[in-house]
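Asker: One structure, pasted below without further comment.
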Amino acid sequence: MVSREYVLELLEKLSNAFSPPGFEDEVRNIVREELEGIVDEIRVDALGNLIAYKRGSDKYPSIMLDAHMDEVGFLITHIDKKGFLRFQPLGGFDDRVLYAQQVMIMTKDGKKIPGFIGAKPPHLLKPEERTKIISIDELFIDIGASSDKEVREIGVDIGCVGTFATRFRILSKKRVLGKAFDDRAGLTAMISALKILKDTDYNIIAVASVQEEVGLRGARTAAWQVSPDIALALEGTAAADIPGIPEHKESTALGKGPAITIADRSIIAHPKIVRLLISVAEERGIPYQFKRVIAGGTDAGVIHLTKAGVPSGVVSVPCRYIHSSAAVMDINDLENAIKLVVGFVEKASKELIKK
Ligand code: CO
207 MVSREYVLEL
217 LEKLSNAFSP
227 PGFEDEVRNI
237 VREELEGIVD
247 EIRVDALGNL
257 IAYKRGSDKY
267 PSIMLDAHMD
277 EVGFLITHID
287 KKGFLRFQPL
297 GGFDDRVLYA
307 QQVMIMTKDG
317 KKIPGFIGAK
327 PPHLLKPEER
337 TKIISIDELF
347 IDIGASSDKE
357 VREIGVDIGC
367 VGTFATRFRI
377 LSKKRVLGKA
387 FDDRAGLTAM
397 ISALKILKDT
407 DYNIIAVASV
417 QEEVGLRGAR
427 TAAWQVSPDI
437 ALALEGTAAA
447 DIPGIPEHKE
457 STALGKGPAI
467 TIADRSIIAH
477 PKIVRLLISV
487 AEERGIPYQF
497 KRVIAGGTDA
507 GVIHLTKAGV
517 PSGVVSVPCR
527 YIHSSAAVMD
537 INDLENAIKL
547 VVGFVEKASK
557 ELIKK
């Protein structure tokens, strides 16, 4: 196992990095640094997916591990005369979470500058406006400029992208807060598992994919190139073990272990992958839970449909407040996800046949 310090440091670095869909350079660089020397080959494909090969014995199947590098972000679409920026989402936001958030925007020369999502102040609102959600059309980003000219001097223009500016924090001995745990939790699990498995003889192809949040795009071309025997997508998934949600609707809960997907909107996980994950967890005493709502989709949704089909599954780390400016996660769930992935590779290599 890797140490907790390593896991926390890696998660922090990845969570703080800037990586909206299509602009995943910063996270890709971190993934590359972590994997160099651990795998046999690293390459980046035409769309920007990082594909790392850990080659082993021919007798073992090739196992694709996937985690996406992008996070929900914004695209600047208009700059007004007073220097305010209008924006549209890259990926699925809930309009409720945008107002009054701090953001960072990448300038054309790659610098990151701070900004704030503003709207009309409450005392100027009509009574009927006070109770309604402010839609993205009414919001704007203030970067402290007083004219469109000044915005452009700062280096921001239409086509620049941004993310939330939330910094990683440790909340308690077991829980952490940060942005983009979807899917930096999956990336942390994937990188850690490769570190643990580096001297083994298994065949692992680890894909850090692009553009998941806008429609599982990177994983589609990556899986086609890699053409694995089996695949496992590693994710951050919604946990709703919070006030106001009945237990049967919480989907996943913090502290109960990584979540195994039976089905979501994009895939019915292959029963042999699900069975294998459960048997690994039970044999090794790794706590686990099922994802208990058929909702959302992951890269496995496109991976399993590649070529003649790839038996695929999903392991996720439960995250509260996903797709907002921050998420809260239990570090034990992430560590147990790493153990489950490692166990999966070991057992699947020995028990599942090649195609
Ligand atoms: Co995700």
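Take 207 as the starting number for the sequence shown in the working numbering and just add one per residue.
Ideal placement from N, C-alpha and C gives every residue a C-beta, glycine not left out.
Quick check: does the Cβ of GLU230 come within less than 7 angstroms of any heavy atom belonging to the ligand CO?
Answerer: No.
Asker: Does the distance from the CB of LEU393 to the CB of VAL245 come in under 8 angstroms?
Answerer: Their beta carbons are not under 8 angstroms apart, which means LEU393 does not touch VAL245 by this criterion.
Asker: Pick out whichever of TYR408, HIS454 and GLN307 has its Cα sitting closest to the Cα of SER531.
Answerer: SER531 has its Cα closest to that of GLN307, out of TYR408, HIS454 and GLN307.
Asker: So, for ILE509: in the same chain, excluding its five sequence neighbours on each side, which residues have a beta-carbon less than 6 angstroms away from its beta-carbon?
Answerer: Contacts found: ALA425, ALA429, ALA437, VAL516 and SER518.
Asker: Taking the alpha carbon of HIS274 as the point to measure from, which residue in VAL551, ASN538 and ALA506 has its own alpha carbon closest?
Answerer: Of VAL551, ASN538 and ALA506, the residue nearest in Cα terms is ALA506.
Asker: Would you mind working out which of GLU359, GLY243, GLU441 and LYS288 sits nearest ILE466, comparing C-alpha positions?
Answerer: Selected option, being the one with the closest Cα: GLU441.
Asker: Under 7 angstroms: does the beta carbon of GLY507 sit that close to some heavy atom of the ligand CO?
Answerer: No; taking the cut-off as 7 angstroms, the Cβ of GLY507 has no heavy atom of the ligand CO nearer than that.
Asker: Just reading off the beta strand (DSSP E) that GLU441 is part of, what are its end residues?
Answerer: It spans 436-445 - the beta strand (DSSP E) in which GLU441 sits, taken as one unbroken run.
Asker: Between SER221 and ASP276, is the Cβ-Cβ spacing less than 8 angstroms?
Answerer: No.
Asker: Is it the case that the CB of ASP388 approaches a heavy atom of the ligand CO more closely than 7 angstroms?
Answerer: At least one heavy atom of the ligand CO is nearer than 7 angstroms to the Cβ of ASP388, so yes.
Asker: Does the segment 396-411 touch the segment 339-357, meaning 3 or more C-beta pairs lie closer than 8 angstroms?
Answerer: No, they do not touch.
Asker: Going by CA-CA distance only, name the one from GLU456, LEU330, PHE290 and PRO493 that's closest to GLY463.
Answerer: The shortest C-alpha separation from GLY463 is found at PRO493.
Asker: Quick check: does the Cβ of GLY442 come within less than 7 angstroms of any heavy atom belonging to the ligand CO?
Answerer: Yes, the beta carbon of GLY442 sits closer than 7 angstroms to at least one heavy atom of the ligand CO.
Asker: State the DSSP-derived secondary structure class of THR313, mapped to helix, strand or coil.
Answerer: It is coil, neither helix nor strand.
Asker: How many whole angstroms separate the CB atoms of TYR266 and ASP407, which I take to be in contact at a CB cut-off of 8 angstroms?
Answerer: Between ASP407 and TYR266 the Cβ distance is about 7 angstroms, and since that is below 8 angstroms, they are a contact.
Asker: Terminal residues of the continuous alpha helix (DSSP H) containing ASP539?
Answerer: Its alpha helix (DSSP H) spans residues 537-557.
Asker: Alpha carbon to alpha carbon, how far is ILE248 from ASN235?
Answerer: Each residue's alpha carbon lies about 12 angstroms from the other.
Asker: Is LEU220 helix, strand or coil when you go by DSSP?
Answerer: Residue state, collapsed to three classes: helix.
Asker: Hey, would you say the C-beta of GLU356 is under 7 angstroms away from at least one heavy atom of the ligand CO?
Answerer: No.
Asker: THR512: which of GLU211, GLU232, LYS260 and MET270 sits nearest, CA to CA?
Answerer: Nearest of GLU211, GLU232, LYS260 and MET270 to THR512, Cα basis: MET270.
Asker: Can you give the Cα-Cα distance for ARG261 and GLU557, rounded to whole angstroms?
Answerer: Spanning the two alpha carbons is a distance of roughly 18 angstroms.
Asker: For the candidate residues LEU546, GLY243 and ASN542, whose alpha-carbon lies nearest to that of ARG210?
Answerer: Comparing Cα positions, the closest option is ASN542.
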